[in-house]
Amino acid sequence: MKLGCSTILYGVHSTEDALNGIKKAGYDGIELCAIPGMGLHIEPNKTDKEYRELKKKIDDYGLIVESIGGSGNDPYDPDPDSKFRSLMRAAAIIGAPAITTGSGGKSGNQEDMKRAAEIFNKLADFGKTVGTKVSIKPHVGGVVYNTPSSLEFMSLVDTKWIGLNVDASHLWRAPKWEAGEESIPKLAKYIFTARIRDTLNHDQPIGPVETQVPGGGAMNLKAIMDAFKNVPGLDIVTVEIVGTAQWELSAIQDVVERTYAALKKLV
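Residues 1398 to 1664 (the numbering used here) make up the sequence shown, in order.
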């Protein structure tokens, strides 16, 4: 199993800083974030030439682009030139097989579930034309937020082009707490991308950075990693830790490197 790191950890710092730091730490790949206010390391509505130049820069570092992090770019926007669709096009150019986002909507709302399925099936149709899959994170508060809602959602969408971006720390914080190592096998056939971090408790807001670093929380990360290893076709698990966006680069790098050292023992 390979290890990736989301550029979200590098927040306000440059794409170059993120690529350099992630490569230096030893990771194999990245989630390249396009998240306003949290990590804008690729932007929508740029030219194909600019995306090809970015691809070359990433290739020069020898990093895999596991996905584009598309949260904050409204997937519900119907405009053919929406930011989300622009990023789906960009993903195809830079070699990312998927774009990640949340489902939107409110947990437990059936109308929101139907609406989400409708929207993402339209994006599946668009994905077919550009070659980019959409990976939905079961997220605290969203209409897709735990194992049952994930399975319901997947029963309503085109599963060749719409899949799941599973982060066990969100399942752990769902209203009915779930252990990721138990949930991942149930979701395995739908998993496109995977996220990993620790967390100390079941509070819905994620805790401080140190509790997200492996070993700082209470999750069974070895069992979670072992479960990911058994997901068909999944060959990279990506670190996503939030709260470092405004930190000094050296402090971010310390978190990135300590996280790699801890997870490397598990792969």
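Backbone N, C-alpha and C fix where the C-beta goes; we use that ideal spot for every residue, glycine too.
These numbers were taken from a predicted model, which means no experiment stands behind them.
Taking buried to mean at least 16 other C-beta atoms within 10 Å of its own C-beta, is residue i buried or exposed?
i	result
residue 1428	buried
residue 1487	buried
residue 1544	buried
residue 1598	exposed
residue 1592	buried
residue 1612	exposed
residue 1534	buried
residue 1615	exposed
residue 1386	Residue 1386 lies beyond the residue range present for the chain, which begins at 1398 and ends at 1664; the question has no answer from this structure.
To the nearest angstrom, report how far apart residue i and residue j are at their CA atoms.
i	j	result
residue 1607	residue 1509	34 Å
residue 1587	residue 1557	9 Å
residue 1458	residue 1435	23 Å
residue 1532	residue 1484	13 Å
residue 1425	residue 1626	16 Å
residue 1505	residue 1574	15 Å
residue 1478	residue 1464	20 Å
residue 1663	residue 1400	10 Å
residue 1423	residue 1643	23 Å
residue 1497	residue 1468	7 Å
residue 1564	residue 1571	11 Å
residue 1539	residue 1408	23 Å
residue 1632	residue 1511	31 Å
residue 1620	residue 1446	43 Å
residue 1489	residue 1577	30 Å
residue 1580	residue 1646	35 Å
residue 1443	residue 1515	28 Å
residue 1503	residue 1491	33 Å
residue 1472	residue 1529	14 Å
residue 1568	residue 1453	36 Å
residue 1629	residue 1432	29 Å
residue 1406	residue 1476	30 Å
residue 1440	residue 1415	15 Å
Kindly identify the DSSP beta-bridge partner or partners of residue i.
i	result
residue 1634	1400
residue 1437	1431
residue 1559	1531
residue 1426	1401 and 1461
residue 1498	1533
residue 1590	1562
With H, G and I counted as helix, E and B as strand and the rest as coil, what does DSSP make of residue i?
i	result
residue 1442	coil
residue 1641	coil
residue 1464	strand
residue 1595	coil
residue 1571	coil
residue 1615	coil
residue 1564	strand
residue 1603	coil
residue 1418	helix
residue 1488	helix
residue 1545	helix
residue 1647	helix
Taking Cβ positions only, does residue i come closer than 8 Å to chain C?
i	result
residue 1480	No chain C appears in the structure shown, which is made up of a single protein chain.
Report, in whole angstroms, the separation of the C-beta atoms of residue i and residue j, which I expect to be a contact under 8 Å.
i	j	result
residue 1550	residue 1513	7 Å
residue 1635	residue 1590	7 Å
residue 1652	residue 1419	Actually they do not touch by this definition, with Cβ atoms about 12 Å apart.
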